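Every letter in the sequence shown is one number past the one before it in numbering that gives the first Met the number 0, and letter 162, counting from 1, is 161.
Below is one structure, written out as structure tokens; the observations come after it.
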Amino acid sequence: MMKRILSAVLLTALLSTQAMAFTFEQVPVEDLFAPEVIEQERVSDWAKEEVDIASSLGLVPPLTDQPAFTGSITREQFAELIVNLVEKALDKEIEAAPSDTFTDTSNTAVLKAYEAGIITGVGGDKFAPKTTTNREQIATMIYRAVQYLAEQTGKDLTPNPGSIDLFTDKAGISGWAAEAVGKLAANDIMKGSSSTTASPQAACTVEQSILLIYRVYQKI
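Now the structure itself:
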């Protein structure tokens with residue numbers, strides 16, 4: 000009797016499953032995921048092609064806190080991007096600084112970037128990993144990474160002399176960032192926010208950062 004009951008139950012379940020198979024409808028993605036999830040995954044139209052290419056090349060690693068592409072990038076997230084680029088270019092891992100280098104993070108990418116001289120702390124043994132970074136800071140980190148690659152490979156990725164004189168807002172560029180901003184602009188890695196402005200203090204988004212990484216990779 001139990002076998003018959005089980006058989007009947009299984010048959011009913013099977014028939015129900017088959018019936019359900021014919022009732023599936025195409026549901027818009029907006030109805031499947033929360034708005035914040037959709038927004039997180041959305042890339043701006045102007046950036047989508049290059050972001051897709053960069054992703055296919057392995058230049059977009061998983062980033063801490065899974066930021067939205069259109070959101071401002073943090074210091075540790077950019078460290079993750081730049082270290083991934085350098086290791087891919089060299090086809091080897093960078094040695095990491097000791098885990099107690101900073102008191103506010105033990106992120107491996109941060110420690111690798113610090114050991115390679117790509118990033119620095121903010122003082123007091125702190126790195127401020129969750130702080131968003133701006134265009135001149137990112138230019139400096141990219142330029143240091145380019146210099147590190149030149150030391151390791153002998154290839155200069157920024158051979159053209161640079162200058163910030165073409166920017167009308169050059170007075171807003173910090174002295175320590177001037178060389179990096181000028182060199183990256185002259186070598187078509189990080190141009191201004193317009194043909195005449197650098198916008199050095201402006202925030203940089205995740206998708207903008209990915210495009211910068213991709214432009215460096217194209218020169219390797």
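A virtual CB, placed ideally from N, CA and C, is assigned to each residue, including glycine.
No experiment lies behind these values; they were computed from the predicted model shown.
Apart from the five residues just before and just after residue 131, which ones in its own chain have a Cβ nearer than 6 angstroms to its Cβ?
-> Excluding positions up to five away in sequence, the list reads 71, 73 and 202.
Straight-line CA distance for residue 108 to residue 168?
-> Between residue 108 and residue 168, the alpha-carbon positions lie close to 33 angstroms from each other.
In the segment 27-104, which residue ranges form an unbroken alpha helix (DSSP H) of at least 4 residues, counting only runs that do not cross its ends?
-> DSSP runs (the alpha helix (DSSP H)) wholly in the segment 27-104: 34-40, 44-55 and 74-89.
Give the C-beta separation of residue 61 and residue 76 to the nearest angstrom, bearing in mind that I take them to be a contact with Cβ-Cβ under 8 angstroms.
-> With a Cβ gap of about 10 angstroms, residue 61 and residue 76 do not count as contacting.
Return no unless some Cβ of chain C is closer than 8 angstroms to the Cβ of residue 129.
-> Note that chain C does not occur in the displayed structure, where there is just one protein chain.
Within 8 angstroms, strictly: CB atoms of residue 58 and residue 219 | No, the Cβ-Cβ distance between residue 58 and residue 219 is not below 8 angstroms.
Measuring CA to CA, which of 150, 134 and 205 is closest to residue 172?
-> Answer by Cα proximity: 134.
Cβ pair count under 8 angstroms reaching 3, the segment 175-190 against the segment 103-121 | Counting C-beta pairs closer than 8 angstroms gives fewer than three between the segment 175-190 and the segment 103-121, which falls short of the contact rule.
For residue 181, the three-state DSSP class (helix, strand or coil) = If DSSP states are grouped into helix, strand and coil, residue 181 belongs with the helices.
Are residue 81 and residue 141 closer than 8 angstroms when you measure CB to CB?
-> In contact: residue 81 and residue 141 (Cβ atoms closer than 8 angstroms).
Since residue 100 and residue 89 are thought to touch, with beta carbons under 8 angstroms apart, how far apart are those beta carbons, to the nearest angstrom?
-> Between residue 100 and residue 89 the beta-carbon gap is near 21 angstroms, outside 8 angstroms, which marks them as no contact.
Which value, in whole angstroms, describes the spacing of the CA atoms of residue 102 and residue 124?
-> Cα to Cα, the separation comes out at about 6 angstroms.
Give a yes or no on whether the C-beta atoms belonging to residue 96 and residue 114 are separated by under 8 angstroms.
-> Between residue 96 and residue 114, the C-beta gap is smaller than 8 angstroms, which places the two residues in contact.
So, helix, strand or coil for residue 204, using DSSP?
-> DSSP, read as helix, strand or coil, puts residue 204 in strand.
Just the Cα atoms here: how many angstroms apart are residue 206 and residue 50?
-> A direct Cα-to-Cα measurement between residue 206 and residue 50 gives close to 7 angstroms.
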